[in-house]
Amino acid sequence: MIKHSHSHILRVRLGEFILPPIEDGLVLGRESPIGPVAVGKALSLLSSTPFEHVPVEDDEIIGDLLIRTAILRKIQPRDLVAFVLREIRPLMGPEEILHLQLDLEVQIESKTP
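Using the numbering used here, the letters of the sequence shown map in sequence onto residues -3 to 109.
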């Protein structure tokens, strides 16, 4: 009779699950495996932070943006889309989903009469 001996080693690395799992937004490729409606539903279940869907028209790479509502109070969606198309589009493929961490600064200047 042959006896078999087995040994197991289990290594685990734990980290805190941060909610929401998306900081400021997502860029969804036109052929990404999950669409903006499904991602939006998942975000609404995981977080109380509101996100808005910003469709990207007439682009073969980028289909949609999901952006934290607070960001869109500071920048117009069309300006954000223009930035993403100019700066991020060259770095991604249509099947990808990219996280956005935005560092947005608003400067206000006012003159008193």
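By construction, the Cβ of each residue, glycine as well, lies at the ideal position given by its N, Cα and C atoms.
Please read these numbers as outputs of a predicted model, since none were measured by experiment.
Minimum Cα-Cα distance from H49 among the listed residues E101, L10, R74 corresponds to R74. Under a 10 Å Cβ-count criterion, S1 is classified as exposed, with fewer than 16 other Cβ atoms of the shown protein chains found around its own Cβ.
Restricting attention to E92, Q97, R26, E56, the CA atom closest to the CA of L76 is found in Q97.
Only exposed fits D99, as fewer than 16 other CB atoms lie within 10 angstroms of its CB. A buried status is given to D60, since no fewer than 16 other beta-carbon atoms sit within 10 Å of its beta-carbon. If the five residues before and after I67 are omitted, its C-beta is found closer than 8 Å to the C-beta atoms of D20, G21, L76, L98, L100, all from its own chain and listed in chain order.
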